[in-house]
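Asker:
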Amino acid sequence: IYVEDFGFSINSSTNEATIVEYNGDDSDVLIPTKVYGYDVIALGDALFSGNNAIVSVNIPSCIRSIGDSVFSNCTSIVNITIPKTVTSVGKNIFMNCSTLKKVEFNANIAALPKSTFQNCTSLSDVVLSDTIEQIENFAFYNCESLGYVPSAENLTHIGQSAFYNSGVKEFNASMPMTT
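Be aware that the sequence shown starts at 86, since it is given in this note's numbering, and climbs by one per residue.
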């Protein structure tokens with residue numbers, strides 16, 4: 086089903102929809118919460134990937150899942166907030182978003198996926214959810230503007246090269262960590 090700039094995949098047995106395509110060129114994208122009575126619950130893989138018109142995206146609290154590479158290579162996006170209702174996040178979601186500066190990552194997940202912010206060279210302000218226990222491999226790789234490790238109260242694991250070539254110079258951990 087296509088409505089305006091969005092393409093949807095519908096699951097009629099659950100009355101839910103996933104956004105699988107975006108053909109717009111808006112700088113500020115408002116994600117719909119319903120389409121023809123179906124609840125929009127997910128952003129499909131590579132949904133906005135490579136769209137350089139997008140500066141900001143409003144992710145509503147009805148979204149529970151964000152697929153792989155959803156915002157990868159969006160070189161104009163500046164800031165974004167991931168709501169607490171999100172319980173599933175794919176890898177590479179912000180990879181190569183070179184103008185991304187600020188992220189509030191409130192998703193209710195245990196691990197920040199692989200290469201989440203890889204090559205986000207302007208990223209300088211990150212707030213992570215208290216539910217995050219692991220920062221996976223390459224999560225902040227080449228985030229040269231990031232001068233600190235984002236606070237995560239329950240952090241127990243930082244993956245390989247998670248902060249390689251970032252602006253982070255030191256890290257003080259108050260709990261046992263594995264690498």
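Just so it is clear, CB atoms sit at the ideal spot from N, CA and C, and this is done for glycine as well.
Any idea if residue 162 is buried or exposed, counting beta-carbon neighbours within 10 angstroms, 16 or more meaning buried?
Answerer: In the assembly as shown, residue 162 is a buried residue. Its beta-carbon has 16 or more other beta-carbons within 10 Å.
Asker: Rounding to the nearest angstrom, what Cα-Cα distance links residue 252 and residue 230 in this structure?
Answerer: Rounded to whole angstroms, residue 252 to residue 230 spans 6 Å at the Cα level.
Asker: What does a CB cutoff of less than 8 Å around residue 244 pick up in its chain, not counting 5 residues either side in sequence?
Answerer: 199, 219, 220, 221, 222, 223, 224, 264
Asker: Would you give the residue range spanned by the beta strand (DSSP E) that residue 128 belongs to?
Answerer: 123 to 128
Asker: What separation, rounded to the nearest whole angstrom, lies between the Cα atoms of residue 89 and residue 150?
Answerer: 22 Å
Asker: Determine, using beta carbons only, whether residue 122 and residue 100 come nearer to each other than 9 Å.
Answerer: yes
Asker: Taking the runs of the beta strand (DSSP E) that are 3 residues or longer, which of them lie wholly in the stretch 119 to 188?
Answerer: 123 to 128, 141 to 143, 164 to 167
Asker: Indicate whether residue 183 and residue 212 have their beta-carbon atoms separated by less than 9 Å.
Answerer: no
Asker: Along the chain, where does the beta strand (DSSP E) containing residue 210 start, and where does it finish?
Answerer: 210 to 213
Asker: Do you know how far the Cα of residue 204 is from the Cα of residue 180?
Answerer: 6 Å
Asker: Which of the three DSSP states is assigned to residue 104 in this structure?
Answerer: Look at residue 104 here: in three-state DSSP terms it is strand.
Asker: Quick one: using the 10 Å Cβ neighbour count with 16 as the cut-off for buried, is residue 86 buried or exposed?
Answerer: Under this definition residue 86 is an exposed residue.
Asker: Taking its Cβ as the centre, do 16 or more other Cβ atoms sit within 10 Å of residue 260, making it buried, or is it exposed?
Answerer: With a pLDDT of 49 at residue 260, under the threshold of 50, the modelled position of that residue is not reliable, and the figure given next carries that caveat. It is exposed - the Cβ of residue 260 has fewer than 16 other Cβ atoms within 10 Å.
Asker: So, residue 197 versus residue 217, is the Cβ gap smaller than 9 Å?
Answerer: yes
Asker: Could you tell me the boundaries of the beta strand (DSSP E) in which residue 113 lies?
Answerer: It spans 113 to 115 - the beta strand (DSSP E) in which residue 113 sits, taken as one unbroken run.
Asker: Express the C-alpha separation of residue 152 and residue 169 in angstroms, rounding to a whole number.
Answerer: 16 Å
Asker: Just the Cα atoms here: how many angstroms apart are residue 94 and residue 104?
Answerer: 6 Å
Asker: So which of 239, 124, 118 has the shortest CA-CA distance to residue 98?
Answerer: 124
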